[in-house]
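Undergrad: The opening residue of the sequence shown carries number 11 in the numbering used here; numbering runs sequentially from there.
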Amino acid sequence: KRIGITRPEVIRNSAEAMNEPDNVDRVINQCWNLGAEPVLIPTMQIHPTTNSEKIRQTLNQLHQYDWLIFTSENGVQYFHDFLWEQGKDARVFGNCQLAAIGSSTAAALEKYQLRADIVPEDFRAESLAASLKPEGVGKRLLWIRANRGRDVLPNELGPVASQFDELVVYEHTDVTRWPPEIIEQIQNGGLDWIGLSSPAIARNLKQLLAADPELQKATEKTRFAALSPVTQQAAEEAGLPIAVTSEIYTWDHLLKTISELG
11 KRIGITRPEV IRNSAEAMNE PDNVDRVINQ CWNLGAEPVL IPTMQIHPTT NSEKIRQTLN
71 QLHQYDWLIF TSENGVQYFH DFLWEQGKDA RVFGNCQLAA IGSSTAAALE KYQLRADIVP
131 EDFRAESLAA SLKPEGVGKR LLWIRANRGR DVLPNELGPV ASQFDELVVY EHTDVTRWPP
191 EIIEQIQNGG LDWIGLSSPA IARNLKQLLA ADPELQKATE KTRFAALSPV TQQAAEEAGL
251 PIAVTSEIYT WDHLLKTISE LG
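1) Please check the pair ALA139 and LEU163, which I expect to be a contact at CB under 8 Å, by giving their CB distance rounded to whole angstroms.
2) Take ASP76 and list the residues in its own chain whose beta-carbon comes closer than 6 Å to its own, dropping the five residues that flank it on each side.
3) Decide if the stretch 116 to 131 is in contact with the stretch 43 to 58; the criterion is three or more beta carbon pairs, one per stretch, under 8 Å apart.
4) Beta carbon of GLU83, beta carbon of MET54: below 9 Å?
5) Indicate the three-state DSSP secondary structure (helix, strand or coil) for LEU148 in the structure shown.
6) Considering only C-alpha positions, which residue in the set GLU166, ASN198 and LEU152 is nearest to LEU177?
7) What would DSSP say about THR267, mapped onto helix, strand or coil?
8) Tell me whether ALA46 sits in a helix, a strand or coil according to DSSP, three-state version.
9) What is the rounded straight-line gap between the Cα of ARG158 and the Cα of SER208?
10) Do ALA244 and ALA221 have their CB atoms nearer than 9 Å?
11) Using the C-alpha atoms, what's the distance from ILE204 back to PRO189?
12) Does the Cβ-Cβ distance between THR81 and ILE111 come in under 9 Å?
13) What does DSSP give as the partner residue(s) for GLY14 in the beta ladder?
14) Output the distance between the C-alpha atoms of GLU247 and ARG134, rounded to the nearest integer angstrom.
15) Of the choices ASN39, TYR88, ASN70 and TRP42, whose alpha-carbon is the least far from that of THR59?
16) If you run the structure through DSSP and keep just helix, strand and coil, what is PHE89?
17) In its own chain, which residues sit with a C-beta less than 8 Å from the C-beta of GLY200, not counting the 5 before and 5 after it?
18) Just the C-alpha distance for ARG155 and SER172, rounded to the nearest angstrom, thanks.
19) Taking 7 Å as the limit between beta carbons, can you name the residues of its chain near GLN96, skipping five residues before and five after?
20) Given a cut-off of 9 Å on the beta-carbon distance, is the pair VAL179 and GLY104 in contact?
21) If you run the structure through DSSP and keep just helix, strand and coil, what is GLU95?
22) Which whole runs of the beta strand (DSSP E) in the stretch 175 to 263 are 3 residues long or more, in chain order?
23) According to DSSP, PRO58 sits in a beta bridge with which residue or residues?
24) Taking the straight line between their C-alpha atoms, what separation do you get for ILE128 and CYS106?
25) Let's test the definition: count the other Cβ atoms within 10 Å of the Cβ of GLY14 and tell me whether it reaches 16, buried, or not, exposed.
26) Spatial neighbours of LEU219 within its chain, please: C-beta separation below 8 Å, excluding the five flanking residues on both sides.
27) Label ASN198 either buried or exposed according to how many other C-beta atoms from any shown protein chain fall within 10 Å of its C-beta, with 16 as the threshold for buried.
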């Protein structure tokens with residue numbers, strides 16, 4: 011089976027950071043281990059935010075917060091990149107506690123010797139907000155985030171916290187057209203499955219396919235798999251029929267589910 015991997019292309023803060031093992035590498039390796047051929051078809055690019063002054067100011071004030079909230083592996087990585095660039099390390103956290111949206115994000119923190127104090131069993135923003143709300147009453151919270159995303163956390167936690175701030179450490183840019191080598195891979199071999207890992211990825215994939223009749227034809231028989239119910243809803247609203255949705259919201263489990271369906 012050939013599986014389209016829509017993980018974003020990630021651009022890190024430095025050449026040293028770019029040489030670190032990428033999350034995409036793990037997904038690719040798992041595909042091969044499951045007997046499937048991975049085909050990289052990124053629908054967006056991720057890069058560090060350009061608002062370095064905001065980053066600098068916030069990092070200098072980290073000790074003032076009671077909780078830092080991380081909702082993605084990329085958020086952890088970019089946050090650490092900026093921290094390291096400015097000559098800082100974990101000592102700046104002071105007495106901050108850490109919340110992670112799921113096991114993958116918690117594992118990303120552990121790479122930097124940081125342990126999450128809260129990790130909900132259900133890897134969704136709603137579950138994270140519910141878990142953190144009792145702890146966040148009257149506290150100062152900082153959400154480490156991308157420039158895009160749902161507003162569940164500020165809507166749920168903002169009213170109970172004494173302070174709820176957001177720090178954008180990375181940004182998404184939509185891919186407007188794939189390079190010829192990606193188009194050729196899709197057209198020549200076709201894709202049995204395409205895995206969708208976020209609402210934004212699902213929506214932009216639909217636009218990329220709709221803009222090219224040959225790509226539409228090449229993916230007529232392709233089945234689509236969603237990482238979560240939120241992604242499933244966005245994909246179906248965009249016109250992509252979802253054949254299966256992962257019960258555990260990780261690429262590892264999504265690929266296992268696809269492999270079992272054949």
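The C-beta atom is built at its ideal place from N, Cα and C for all residues, glycine as well.
TA: Reading off the structure:
1) 6 Å
2) Within the same chain, Cβ atoms closer than 6 Å to the Cβ of ASP76 are found at LYS149 and ARG150, the five residues on either side in sequence being excluded.
3) no
4) no
5) Correcting the residue identity first, residue 148 is Gly in this sequence and not Leu. If DSSP states are grouped into helix, strand and coil, GLY148 belongs with coil.
6) LEU152
7) In this structure, THR267 counts as helix in the three-state DSSP scheme.
8) It is coil, neither helix nor strand.
9) 11 Å
10) no
11) Near 18 Å, if we compare the C-alpha coordinates of ILE204 and PRO189.
12) In contact: THR81 and ILE111 (Cβ atoms closer than 9 Å).
13) Answer is VAL49 and ILE204.
14) 20 Å
15) Scanning ASN39, TYR88, ASN70 and TRP42 for the CA closest to the CA of THR59 turns up TYR88.
16) helix
17) Within the same chain, ARG12, ALA228, THR229, LYS231 and THR232 come within 8 Å of GLY200 by CB-CB distance, once the 5 residues on both sides are set aside.
18) 19 Å
19) ARG66 and LEU69
20) no
21) Helix, per DSSP.
22) 203 to 206, 233 to 236 and 252 to 255
23) Beta-bridge pairing links PRO58 to TYR180.
24) 12 Å
25) buried
26) LEU225, GLN226 and THR229
27) ASN198 sits exposed, since fewer than 16 C-beta atoms from the chains shown fall within 10 Å of its C-beta.
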